[in-house]
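In this note's numbering, the protein residues as written are 1 to 170.
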Amino acid sequence: MVRDIRITGTGQLLELAARLRRAGHDNIRSSFIRRTRRAAEPLRDALQDRLRGLDIRSQGRGSGKRGGPSPTTRPLRATAAEAIRISVRTSGNPGARVWLDRSRLPSDIPPGMLQRLNEGRLRHPVFANRRRWAQQNATPGWWDRTVASHMPRMTREMERIADDVRRRLE
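Structure, rendered in structure tokens:
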């Protein structure tokens with residue numbers, strides 16, 4: 001299931017966020033933000049690379065069917081990959097979030113497209129003609145497997161960052 005990936009809300013991070021606010025150390029806070037972002041960047045980069053290289057196969061045209069060039073010059077995978085973002089918070093629910101920023105997607109790309117690609121099947125109207133539909137298939141679970149492979153590393157890195165910040169606050 002495509003969803004926001006968050007490493008947040010752990011007891012350590014909540015306690016550290018409160019201590020950072022009380023201490024008011026801007027350099028410790030900026031270091032926390034920078035290191036947290038750096039811990040999440042490999043996941044974002046891996047998701048973007050995986051999406052750019054995702055093998056999407058179509059059913060192909062039947063005999064006697066007309067074809068034509070794409071009505072857009074925008075590559076779907078590259079456009080969607082650029083919309084995968086990172087955000088870091090030190091208050092409220094502190095931590096990192098890797099997410100798909102729907103506001104960075106063009107209006108003609110439906111919001112649930114990556115979810116359906118992760119499921120392995122994407123149906124769409126042919127050249128916006130809602131009477132003719134095409135189906136394209138992709139490798140199912142590409143988002144989930146990429147996230148699962150990065151979670152142990154990110155968890156270890158966040159524990160290390162939390163320990164370092166705690167030591168600096170003492």
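By construction, the Cβ of each residue, glycine as well, lies at the ideal position given by its N, Cα and C atoms.
If you keep only unbroken alpha helix (DSSP H) runs of at least 4 residues inside the stretch 66-119, you get 76-82, 113-119. Here VAL126 is exposed. Its C-beta has fewer than 16 other C-beta atoms within 10 Å. Look at PRO140 here: in three-state DSSP terms it is coil, with no helix or strand label. By the criterion of a C-beta distance shorter than 6 Å, ILE33 is surrounded in its chain by VAL88, once the five residues flanking it on both sides are discounted. The three-state reading of DSSP puts ALA128 in coil, since its state is none of H, G, I, E or B. With 16 or more neighbouring CB atoms inside 10 Å of its own CB, ARG44 falls in the buried class. Sequence-distant partners of LEU117 (beyond 5 residues in either direction) whose C-beta falls short of 6 Å from its own C-beta, in its chain, are ALA138.
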